[in-house]
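All residue numbers for the sequence shown refer to our numbering, where the first residue is -3 and numbers rise by one. For glycine and all other residues, C-beta sits at the position ideal for the given N, C-alpha and C. To start, the structure under review is shown below, and the notes come after it.
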Amino acid sequence: MYEHLLMEEKGPVAVVAIHNPKSLNALNSATLSELNACLGEIEKRRDIRVVIVTGSGTKAFAAGADISEMVNAAAAEGRAMALLAKETFRRLEKMPQVTIAAVNGYALGGGCELSMSCDIRVAAENAVFGQPECGLGILPGFGGTQRLARLVGKGRAKELIFTCDRIDAREAYRIGLANKVVPAAELMDTCFAMAERILSKGSYAVSLAKMCIETGTDTDLDSGLEMEAVNFGLAFATHDKKEGMTAFLEKRAAVLTDF
Ligand code: DAK
């Protein structure tokens, strides 16, 4: 169904893999369009609650935007690509499903930016992160200047973007870019195990918490706390809240179903 993506569903978990084997999964506009469409379909579904984003093969998550496509692109094409990427990457942050990046190898430029748009990053030991754009005479344009600074702080983001240094998985973990580092062979199992833990909680509550974190961290504390209070109230109207608390008091496992 897709030319540049592989998609697999395992119950409530969808795995979406960037699939451009000839270019280390570089992100061209066709790939971004497909990813946007694919995520747009997933976000409407209630049977999929976690999305794992990865790269096909073992060498790369995504080696960045496609340089061969960009080399002769004019300003208008650059802008169109930027708008498409902005919509696609923002979808990952705003969709009610939890998104986990399984970073298996190179996550450079747009690849690093794609991983940063996911809620959680699990890195294989062979993962390599970096923002090499300034070495190509451009700057990160898929949100890298904004998301990297928010994840690791301005100082570290500036150093990585200005030097174009690549960092390995351990360093990415140390600075807070990766949530976890695991042997490459265990990457997908680790992501599925994490998905399972998340799925055992209230999916609707998780989606509200995601929205509060996403929106709240980009606003002032009072507005963020206000939004949290409103959504906290909303959670009290759900089946899951009644069931979760009743199950606790009855000393049994809760059956949480809302999403
Ligand atoms: N684009 C196109 N082709 C790529 C590519 C890329 N980003 N990365 C690798 N390839 C291709 C190589 O050209 C090579 O193709 P053939 O020669 O086989 O035809 C094939 O993939 C295998 O790559 P290598 O032979 O280079 O493999 P190595 O193991 O030796 O090296 C590497 C792996 C990942 C270190 C190296 O391939 C590399 O440095 N790749 C480029 C990494 C990079 O600079 N990525 C950042 C791209 S800049 C925009 C917003 C954002 C952006 C752009 C526009 N707008 C708003 C418009 C983002 C920009 C970027 O991401």
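{"Asked": "Opposing strand residues paired with Val99 [DSSP bridges]", "Found": "Ala119"}
{"Asked": "Collapsed DSSP secondary structure at Thr159 in the structure displayed", "Found": "helix"}
{"Asked": "Residue burial classification, Asp185 (beta-carbon count within 10 angstroms, cutoff 16)", "Found": "exposed"}
{"Asked": "Phe138: first and last residue of the uninterrupted beta strand (DSSP E) it sits in", "Found": "From DSSP, Phe138 is part of no beta strand (DSSP E); its letter is neither H nor E."}
{"Asked": "When Cys208, Ala233, Leu23 and Leu28 are compared against Leu80, the one with the closest alpha-carbon", "Found": "Leu28"}
{"Asked": "The beta strand (DSSP E) enclosing Thr234, as first and last residue numbers", "Found": "Segment: none, Thr234 is in no beta strand (DSSP E) and carries neither H nor E."}
{"Asked": "Separation of Glu121 from Pro179, as counted between CA atoms", "Found": "5 angstroms"}
{"Asked": "Selected residue, minimal CA-CA separation from Gly36, among Thr54, Leu195 and Glu89", "Found": "Glu89"}
{"Asked": "DSSP three-state assignment for Ala56, whether helix, strand or coil", "Found": "strand"}
{"Asked": "C-beta atoms of Val46 and Val94 nearer than 8 angstroms", "Found": "yes"}
{"Asked": "Residues that DSSP places opposite Lys206 in a beta bridge", "Found": "Looking at the DSSP assignment, Lys206 forms no beta bridge with any residue, so it has no partner."}
{"Asked": "heavy atom of the ligand DAK below 7 angstroms from Ile134 C-beta", "Found": "yes"}
{"Asked": "Helix, strand or coil at Met223 according to DSSP, with G and I counted as helix", "Found": "helix"}
{"Asked": "Identified DSSP bridge partners for Lys6", "Found": "Val9"}
{"Asked": "Given Leu270 as reference, the closest of Glu155, Ser203 and Ala13 once Cα atoms are compared", "Found": "Absent from the model: residue 270. The displayed extent of the chain is -3 to 255, so no value can be given."}
{"Asked": "Straight-line gap, Gly54 to Ile96 (C-alpha atoms, nearest Å)", "Found": "Note on residue identity: the sequence assigns Thr, not Gly, to residue 54. If I take the Cα positions, the gap works out to 17 angstroms."}
{"Asked": "Proximity test, Leu20 beta-carbon vs the ligand DAK heavy atom, cut-off 7 angstroms", "Found": "yes"}
{"Asked": "Alpha-carbon spacing of Ala10 relative to Tyr(-2), whole angstroms", "Found": "15 angstroms"}
{"Asked": "N-terminal and C-terminal residue of the alpha helix (DSSP H) that Gly106 is part of", "Found": "Gly106 to Ser113"}
{"Asked": "Distance between Asp216 and Gly126 (C-alpha atoms, nearest Å)", "Found": "30 angstroms"}
{"Asked": "Distance cut-off 7 angstroms: Gly133 Cβ against heavy atoms of the ligand NAD", "Found": "Because the ligand NAD does not appear in the structure shown, any question about it cannot be addressed here, the ligands present being the ligand DAK."}
{"Asked": "Distance CB(Ile194)-CB(Val202) smaller than 8 angstroms", "Found": "yes"}
{"Asked": "DSSP beta-bridge partners of Lys176", "Found": "Val118"}
{"Asked": "Under the three-state DSSP convention, the category Ala81 falls into", "Found": "helix"}
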